[in-house]
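Have a look at the structure below, then the notes.
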């Protein structure tokens with residue numbers, strides 16, 4: 001869900017995470033992996049759920065100040081298009097936020113082409129979000145350390161960012177962006193490692209025999225089809241790199257609650273402002289202007 005935070009000037013946050021009450025029902029809870037979250041995080045996810053659902057219900061009444069992201073049963077790709085069209089056309093949702101894989105199944109296969117085509121035709125972004133590793137992948141993160149460390153390495157400390165980056169490369173290599181050149185993809189966490197690796201990825205892919213079949217280079221797709229958010233990666237040196245690689249018109253503020261706090265993210269934006277890496281006009285684009293344009297919503301500055 002995209003919403004306005006309580007800082008001044010206006011900050012427009014692209015994502016919050018929560019678990020709805022329906023997911024806590026016995027017959028559903030047994031099929032989802034709530035146990036992968038540490039208790040502190042899970043408590044926050046469960047606590048914020050009812051409030052966020054109330055917010056989501058108000059979207060139609062308060063558009064364009066609020067916007068929702070659709071989500072889908074990614075393991076059943078045949079049901080995705082109807083739900084995306086319903087959410088965008090009937091509920092005024094701004095796009096979709098979907099997990100990086102369906103239990104290890106990525107979205108470069110032909111069964112997902114209809115989803116990508118619908119997103120392009122509806123002119124809405126797809127926000128791919130990292131997710132915990134599949135059961136088959138979990139053993140590779142275990143080692144001579146605690147289970148807590150294994151969890152961190154397999155999720156927010158490393159793998160779900162690198163895995164997401166690899167997924168995006170798969171999408172590119174499959175020819176997806178040649179087939180649907182107007183696709184809009186949102187990458188969180190300062191680009192999920194791709195800005196740092198951008199030059200090397202492009203050079204190494206150019207050495208493959210497949211490269212002659214791609215109409216656009218990897219760097220061109222990154223520049224044209226990708227928007228990135230600041231969610232959960234509040235390092236000024238990383239931001240400096242991202243700014244050198246990415247158009248300022250494609251960078252958007254985000255919080256990543258409850259994994260990060262609004263206070264931390266707002267403090268980071270003040271650090272960006274004080275660094276003078278961007279002008280005041282560019283800062284406003286990052287804080288809310290770019291998201292307003294991409295999502296078709298407005299942020300209203302207010303005081304706390």
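In the UniProt record's numbering, the protein residues as written are 1 to 304. Positions of the beta carbon are idealized from the N, C-alpha and C atoms, including for glycine.
(1) Quick one: Cα of residue 48 to Cα of residue 207, how far?
(2) Report the three-state DSSP secondary structure of residue 93 (helix, strand or coil).
(3) Which of the three DSSP states, helix, strand or coil, is assigned to residue 183?
(4) Across which residues does DSSP place residue 99 in a beta bridge pair?
(5) From the DSSP output, in three-state form, read off residue 228 for me.
(6) Give me the Cα-Cα distance between residue 232 and residue 280, rounded to the nearest whole angstrom.
(7) Using only the alpha-carbon positions, how far apart do residue 228 and residue 135 sit?
(8) Roughly how many whole angstroms lie between the Cα atoms of residue 214 and residue 224?
(9) In terms of residues, what are the limits of the alpha helix (DSSP H) holding residue 262?
(10) How many angstroms separate the CA atom of residue 100 from the CA atom of residue 168?
(11) Run the CB neighbour count on residue 104, radius 10 Å, all protein chains shown included, and call it buried at 16 or more, exposed below.
(12) Compute the Euclidean distance between the alpha carbons of residue 294 and residue 125, then round it to the nearest angstrom.
(13) Would DSSP call residue 236 helix, strand or coil?
(14) Is DSSP giving residue 49 helix, strand or coil here?
(15) Secondary structure at residue 106, three-state DSSP: helix, strand or coil?
(16) Report the option in 240, 161, 72, 190 whose CA atom is closest to the CA atom of residue 333.
(17) Exposed or buried, which one is residue 264 when buried takes at least 16 other CB atoms within 10 Å?
(18) Please say whether residue 172 and residue 242 have beta carbons closer to each other than 7 Å?
(19) CA-CA distance, residue 266 and residue 245?
(20) Between the C-alpha atoms of residue 35 and residue 132, what's the straight-line distance to the nearest angstrom?
(21) Rounded to whole angstroms, what is the Cα-Cα separation between residue 127 and residue 183?
Reading it off the structure:
(1) Residue placement at residue 48 is flagged as unreliable, the pLDDT there being 47, under the threshold of 50; a coordinate-derived value is accordingly withheld.
(2) In the structure shown, residue 93 falls within a coil segment according to DSSP collapsed to helix, strand and coil.
(3) Coil at residue 183, not helix or strand.
(4) DSSP output for residue 99 lists 129 as bridge partner(s).
(5) Secondary structure of residue 228 (DSSP, three-state): strand.
(6) Note on geometry: alpha-carbon atoms of residue 232 and residue 280 lie some 22 Å from one another.
(7) So the alpha carbons of these two residues sit roughly 28 Å apart.
(8) Between residue 214 and residue 224, the alpha-carbon positions lie close to 15 Å from each other.
(9) Taken as a continuous stretch (DSSP letters only), the alpha helix (DSSP H) holding residue 262 covers 262–275.
(10) If I take the Cα positions, the gap works out to 9 Å.
(11) With fewer than 16 other Cβ atoms within 10 Å, it is exposed.
(12) Approximately 8 Å between the Cα atoms of the pair.
(13) Helix, per DSSP.
(14) Its pLDDT being 43, under 50, residue 49 is placed unreliably in this model, and the coordinates cannot settle the point.
(15) The answer is coil: DSSP assigns residue 106 none of H, G, I, E or B.
(16) A query on residue 333 cannot be resolved here, the shown segment of the chain reaching from 1 to 304 and no further.
(17) Exposed, since its Cβ has fewer than 16 Cβ neighbours within 10 Å.
(18) Not a contact, by the Cβ cut-off of 7 Å.
(19) Here the C-alpha atom of residue 266 lies approximately 23 Å from the C-alpha atom of residue 245.
(20) Residue confidence for residue 35 is low, a pLDDT of 42 falling below 50, so the modelled location carries little weight; the figure read from the coordinates is stated next. Looking at the two C-alpha atoms, the distance is approximately 11 Å.
(21) Pairing residue 127 with residue 183, the inter-Cα distance amounts to about 11 Å.
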